[in-house]
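Under my numbering, the first residue of the sequence shown is numbered 129, with each subsequent residue one higher. A virtual CB, placed ideally from N, CA and C, is assigned to each residue, including glycine.
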Amino acid sequence: MCWRSFGCCESQKLADIAANSTIVDYDIENLEPPILSVEDAVKRSSFFEVPPDLYPKHVGDISKGMAEADHKILSAELKLGSQYYFYMETQTALAVPDEDNC
C-alpha cells in the first residue's frame, strides 16, 4: 500500500525544517527490480493503458501520402536520456484543451 503525506507550514523555512526532520522507512522485501527502459517494460509486459479517446486520430490516406512523399524515413530509432521527473512519477499527466468546457 502506498501512503502519501501532506504538510502545511507558515514559511518555507519551517517547511524545510519539517522535511529534513522526516524519517521514511521503506519495506523492500519482495520488491521487484525497477523498470528503467522501454525495453524492460516490454520484456515484463508492464504498460500504462491509454484511454481510447486519447489515441492519435489519422486524417487522410497515410499510405498514399507516404508513397507520394519526396522524403521518406526508411528506418529510425530514438532513445531519450534520463528525464528527472520521469523517474519520480509512476504515471504522467496529459492535458487536453477543450474550448467549450473550460
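Just the C-alpha distance for residue i and residue j, rounded to the nearest angstrom, thanks.
i    : j    : result
H186 : N148 : 50 angstroms
A143 : D153 : 20 angstroms
A169 : G135 : 34 angstroms
E196 : V224 : 32 angstroms
D189 : D198 : 16 angstroms
K141 : G193 : 59 angstroms
T150 : S191 : 57 angstroms
K200 : L182 : 27 angstroms
K171 : E205 : 18 angstroms
Pop quiz: residue i and residue j are said to be a contact at Cβ under 8 angstroms. What is the actual Cβ separation, rounded to whole angstroms?
i    : j    : result
I163 : S173 : With a Cβ gap of about 10 angstroms, I163 and S173 do not count as contacting.
According to DSSP, is residue i part of a helix, a strand, or is it coil?
i    : result
A204 : coil
I145 : helix
M129 : At M129 the pLDDT is 48, less than 50, meaning the model places this residue with poor confidence; the figure from the coordinates comes in the next sentence. Of the three classes helix, strand and coil, the one that applies to M129 here is coil, per DSSP.
P180 : helix
I233 : Limits of the chain in this structure are 129 at one end and 230 at the other, which puts residue 233 out of reach.
Tell me which residues share the same chain as residue i and place their Cβ nearer than 6 angstroms to its Cβ, disregarding the 5 neighbours each side in the sequence.
i    : result
E167 : none
D228 : none
By Cβ distance below 8 angstroms, which residues in the same chain neighbour residue i in space, the five residues on each side in sequence not counted?
i    : result
M129 : For M129, the predicted model reports a pLDDT of 48, less than 50, meaning its position is unreliable; a value from the coordinates is still stated below. Taken in chain order, the list of residues that qualify is empty.
N158 : none
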